[in-house]
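Q: Have a look at the structure that comes next, please.
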Amino acid sequence: MAVSTPAVAAPANPPRLAHRTGLMLVVIAIAQLMVILDATIVNVALPSMQTSLGFSTENLSWVVNAYTLAFGGLLLLGGRVGDLLGRRPAFIGGVLLFTLGSLLGGLAQNSGWLLGMRVVQGAGAAIVVPTVLSLIATGFPTERERNRAFAVFAGVSGAGGAIGLVAGGLLTEWASWRWVLLVNVPIGVALCLAAPLFIGKSPRSEGRFDFGGAITSTGGVALLVYGFIHASESGWREATTIGSFVGAVVLLAAFVLIESRTSQPIIPLRLFASRNRSGIYALGVAMMGSLIGMFFFLTLFFQNVLAYSPLKTGMAFLPLSVSIIIVSGVMMQLIPKIGQRLPLVAGTVLITAALLWLSAISADSAYLSDLLGPMLLYGFGAGMVFMPMTMVGVSGVEMRDTGAASGLLNATQQMGGSLSLAVIITVYGAATSDATGGAAHVLAKGASAGFLVAAAITIVALACVVLLVRPVAEDAAAGTMPGADAGAEAEPGLTADGSAPAPSAEKPE
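Encoded structure:
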């Protein structure tokens, strides 16, 4: 129906709404940064923690592993929480849980206390991260705003690890190791106060919670992560390692059986039917694994070979962090013009080249002449990949499945970080078992082998992207939504144009 006067036509995106979504983006970006950097912020504080709480050398690695194990193992469950309870309550609840773990962890008086609170932090992060992605996918009304939000998310996610290393160095040298945890408390409180003001209510999906799927998926993923981590420390033939893998296979097989039969699965198996998302899941595994592996080896090299202090080690990663942020911002402007597939392919090529360059590392390598170049190259590639990887991973799903889809995307990345690092560390151990020379030569030889394995993993991921991820133009030609399952009909619960139906069947928060 024609409008008789322009004065009564509502603007496509009123200034008040744009202001609200902008503030919401600030809130969720800070939350994302808080939980992502916590995976690395403790690294440079580990020696101080060991002295203070009496960790053995063998158990010290679990300060990091306890967080990533809980984070990766509970992400699938966390993604569904937002769908069933509403995204705002899930966000606040996850931040509260994370903040509580940070507070009690910072006050820890023994090693067991600290490890338990790292698990609590990981559980809170497992709720926050998929909820943040779901808020981006559903809370920004225009494609331009969603692209901007995804760019911010990608930059924060990509740079969070490096920022954590810098922050950990600052806090450890200038205050105490306890502040690498306590620093989250005022941030978490502020986020909980701001969330009701700037994050709107969302509908809740009808139905029951899939407890069977939640238990088997969480247990299976946790055992798989634990098995690889334990194998890197105790060997592949050790009884606990074998038992963990057997238990993981049994639980994950039960998960698939349950999900194929229940009417309201925690992870709809149809999410795996998309060629695009399958390629993105493979890329997520390789990306996070190579990133964590690079942090691990370069941190050791900086401190043990170049004799950097914790603070200087953190500062050495700043060029990587800045390059990811800058390139992610450029991608925000380019992706609407060039699509998502080109930066995915080109970025993965750059990442692979950077890892191959780093594999030339030796005991004589210097920061400026030998390490800065490949770190910048990696940052350029990661900045190109993070935003389109996130966009494709959560696109083309039913509104009620956005939390599950974002949880699965992040689960593959966290699993990739834990599992790939375990494989890389195993190769490192094999390469250094018969190495000769001083400690610097042994470390460099093992790191070189580790970077080669990381490059091989990204080559496999590159093949998956090339073969599975379709160009946006082809999706449009096929009449599907950008990023939707190629050639698929509109999924139940969506109208023909891809919009959500009237929310009469869903409950408000």
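Each residue of the sequence shown is one higher than the last, beginning at 1 in UniProt numbering.
Heads up, the beta-carbon is just placed ideally off N, CA and C, and yes, glycines get one too.
(1) How would you call E143, buried or exposed, if buried means at least 16 neighbouring beta carbons within 10 angstroms?
(2) Check the C-beta distance from A70 over to A123 and give it rounded, since I have them as a contact under 8 Å.
(3) Kindly give me the distance between the Cβ atoms of Q340 and P388, rounded to whole angstroms, as I take these residues to be in contact under 8 Å.
(4) Can you find the residues in the same chain that come closer than 8 Å, C-beta to C-beta, to Q413, ignoring five residues on each side of it along the sequence?
(5) Take T218 and list the residues in its own chain whose beta-carbon comes closer than 7 Å to its own, dropping the five residues that flank it on each side.
(6) With respect to the alpha helix (DSSP H) encompassing S328, which residues constitute its N-terminal and C-terminal limits?
(7) Could you give the uninterrupted runs of the alpha helix (DSSP H) lying entirely in the stretch 231-316, keeping only those of 4 residues or more?
(8) Count the CB pairs spanning the stretch 443-462 and the stretch 348-367 that are closer than 8 Å, and state whether there are at least three.
(9) Helix, strand or coil for T436? Go by DSSP, reduced to three states.
(10) Work out the CA separation of S395 and T495 for me, nearest whole Å.
(11) Using a Cβ-Cβ cutoff of less than 8 Å, which residues in the same chain neighbour A195 once the five nearest sequence positions on both sides are dropped?
(12) P482 by DSSP, collapsed to three states: which one?
(13) Using DSSP with H/G/I as helix, E/B as strand and the rest coil, what is V128?
(14) Spatial neighbours of V120 within its chain, please: CB distance less than 7 Å, with the 5 preceding and 5 following residues excluded, ordered by chain position.
(15) Is it buried or exposed, V8, if we count other Cβ atoms within 10 angstroms and call 16 or more buried?
(16) Tell me whether V174 sits in a helix, a strand or coil according to DSSP, three-state version.
(17) Just the C-alpha distance for V225 and I30, rounded to the nearest angstrom, thanks.
(18) Where does E398 fall in DSSP's three states?
(19) Let me confirm a value: A316 is counted as buried when at least 16 other C-beta atoms fall within 10 Å, else exposed. Which label applies?
(20) What is the residue span of the alpha helix (DSSP H) that F98 lies within?
(21) Buried or exposed, going by whether 16 or more other CB atoms sit within 10 Å of the CB of F272?
(22) Out of Q50, G438, A455, A214, which one is the CA nearest neighbour of L355?
(23) Given a cut-off of 8 Å, decide if L223 and K188 are closer than it, judged by their beta-carbon atoms.
(24) Are the CB atoms of G314 and V166 nearer to each other than 8 Å?
(25) Quick check: what's the CA-CA separation for V392 versus G86?
(26) Just to confirm before moving on: does the CB-CB distance between A440 and A363 stay below 8 Å?
(27) Is it right to say L368 is buried, meaning 16 or more other beta carbons lie within 10 angstroms of its own, or is it exposed?
A: Reading from the atomic positions:
(1) Result: exposed.
(2) With 8 Å as the limit, A70 and A123 qualify as a contact, their Cβ atoms being about 5 Å apart.
(3) In this structure Q340 touches P388 by the C-beta definition: roughly 4 Å separates them, less than 8 Å.
(4) Cβ within range, chain order: G284, V285, M287, M288.
(5) Counting only residues of its own chain and dropping the five nearest sequence neighbours on each side, T218 has a CB closer than 7 Å to the CB of G73, L74, L76, L77.
(6) Where S328 is concerned, the enclosing alpha helix (DSSP H) stretches over 318-338.
(7) Within the stretch 231-316, the complete alpha helix (DSSP H) runs of at least 4 residues fall at 239-261, 275-304, 310-316.
(8) Yes, since at least three Cβ pairs between the stretch 443-462 and the stretch 348-367 fall closer than 8 Å, the two stretches touch.
(9) In the structure shown, T436 sits in coil (DSSP, three-state: anything other than H, G, I, E or B).
(10) Model confidence at T495 stands at a pLDDT of 34, short of 50, so the residue's coordinates are unreliable; what they give is reported in the following sentence. One C-alpha to the other measures close to 15 Å.
(11) The residues V27, R88, F91, I92, V95, in chain order, have a CB closer than 8 Å to that of A195 in the same chain once the five nearest residues on each side in sequence are set aside.
(12) Since pLDDT at P482 reaches only 39, below the 50 mark, its modelled position is unreliable, and no value is offered.
(13) Here V128 sits in helix by DSSP.
(14) Answer for V120: L97, L100, G101, listed in chain order.
(15) Low local confidence applies: a pLDDT of 41 at V8 is under 50, so the model's placement there is unreliable, with the coordinate-based value given in what follows. With fewer than 16 Cβ atoms within 10 Å of its Cβ, V8 is classed as exposed.
(16) Per the sequence presented here, residue 174 reads as Trp, with Val not at that position. Of the three classes helix, strand and coil, the one that applies to W174 here is helix, per DSSP.
(17) About 27 Å.
(18) DSSP places E398 in coil when its eight states are reduced to three.
(19) A316 counts as buried, since at least 16 other C-beta atoms from the protein chains shown sit within 10 angstroms of its C-beta.
(20) Where F98 is concerned, the enclosing alpha helix (DSSP H) starts and stops at 87-106.
(21) Looking at its Cβ environment, which holds fewer than 16 other Cβ atoms inside 10 Å, F272 is exposed.
(22) Out of Q50, G438, A455, A214, A455 has the C-alpha closest to the C-alpha of L355.
(23) Before going on, a small fix: residue 188 reads as Gly here, not Lys. No.
(24) In this structure, G314 places its C-beta atom within 8 Å of the C-beta atom of V166.
(25) Cα to Cα, the separation comes out at about 23 Å.
(26) Going by C-beta atoms, A440 is nearer than 8 Å to A363.
(27) Counting the other CB atoms within 10 Å of its CB gives L368 a total below 16, which places it among the exposed residues.
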